Amino acid sequence: MKHYLYFIIILCFSYPMLGQEKIHQTFKDTRVINSHSVETLRKGFLDFRVTHRFGDIGGGWPSFYGLETASDILFGFEYGISDKVMAGLSRTKGSGPLKQSINGLVKYRVLTQEIDGRNPFSLTLLGTMSYSTMQKSPIPSDLNYFDKGVHRLSYHLQFLIASKVTERFSFQFG
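Position 169 of the sequence shown, counting from 1, maps to 183 under the working numbering, and the rest follow consecutively.
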């Protein structure tokens with residue numbers, strides 16, 4: 015009789031833990047193509063990232079089908095502060111009006127999808143800040159006319175919501 019009582023007590027206390035199994039790797043990386051995913055680096059992991067976009071493939075042989083006209087190049091490091099928080103620092107050379115910048119990011123995983131369906135999705139908060147290192151334009155209507163130092167800053171805040179539907183299919187809104 016005692017054994018049954020112990021078994022029931024253990025079962026009662028362990029039952030709430032059974033439904034709290036988290037879904038890991040909604041995506042295989044912290045990025046999906048060139049956009050951020052809900053994934054964060056694990057604690058203590060350091061990631062060196064190089065990303066780029068190539069030119070137009072229609073340029074043909076003279077541009078080696080776009081490979082020699084690479085643009086939007088990023089070099090950076092990202093570090094997992096904890097399993098839910100990561101931070102990064104990078105340098106970019108873009109092809110748009112703001113061509114050179116230093117970027118910082120913080121990504122915080124607020125919710126993680128659970129197998130039992132209590133949390134049907136993962137939620138991550140992404141904050142980025144960029145500081146333009148371009149030379150100041152003398153023309154006030156130009157985007158890189160920086161009247162003050164703070165005008166070189168730009169900010170971005172994004173909520174990333176994703177769900178892993180099957181082993182091979184996940185979707186995300188951002």
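Using N, Cα and C, we set each Cβ at its ideal position, and we do this for glycine too.
Treat the numbers as computed from the prediction; the structure is a model and nothing was measured.
Using a C-beta cut-off of 8 Å, the stretch 108-125 makes contact with the stretch 91-100, since at least three inter-stretch Cβ pairs fall below that distance. DSSP, read as helix, strand or coil, puts glycine 74 in coil. Taking 3 residues as the minimum length, the beta strand (DSSP E) runs contained wholly in the stretch 34-72 are 60-67, in order along the chain. In chain order, Gly118, Tyr169 place their CB closer than 6 Å to the CB of methionine 143, counting only its own chain and leaving out the 5 sequence neighbours on each side. Here phenylalanine 187 has Ile175 as same chain residues with Cβ atoms under 6 Å from its own Cβ, once five neighbours each way along the sequence are excluded. For the pair serine 49 and aspartate 86, the CB atoms are not nearer than the 9 Å cut-off.
Residue nearest to phenylalanine 59 within the set Ser96, Leu140, Phe185 is Ser96 (criterion: CA-CA distance). Along the stretch 117-158, the beta strand (DSSP E) occurs as fully enclosed runs of 3 or more residues at 136-146, listed in sequence order. Shortest Cα-Cα distance from lysine 107 to any of Tyr145, Lys36, Thr180 involves Tyr145.
Here the C-alpha atom of valine 52 lies approximately 41 Å from the C-alpha atom of proline 152. With fewer than 16 other Cβ atoms inside 10 Å of its own Cβ, phenylalanine 78 counts as exposed.
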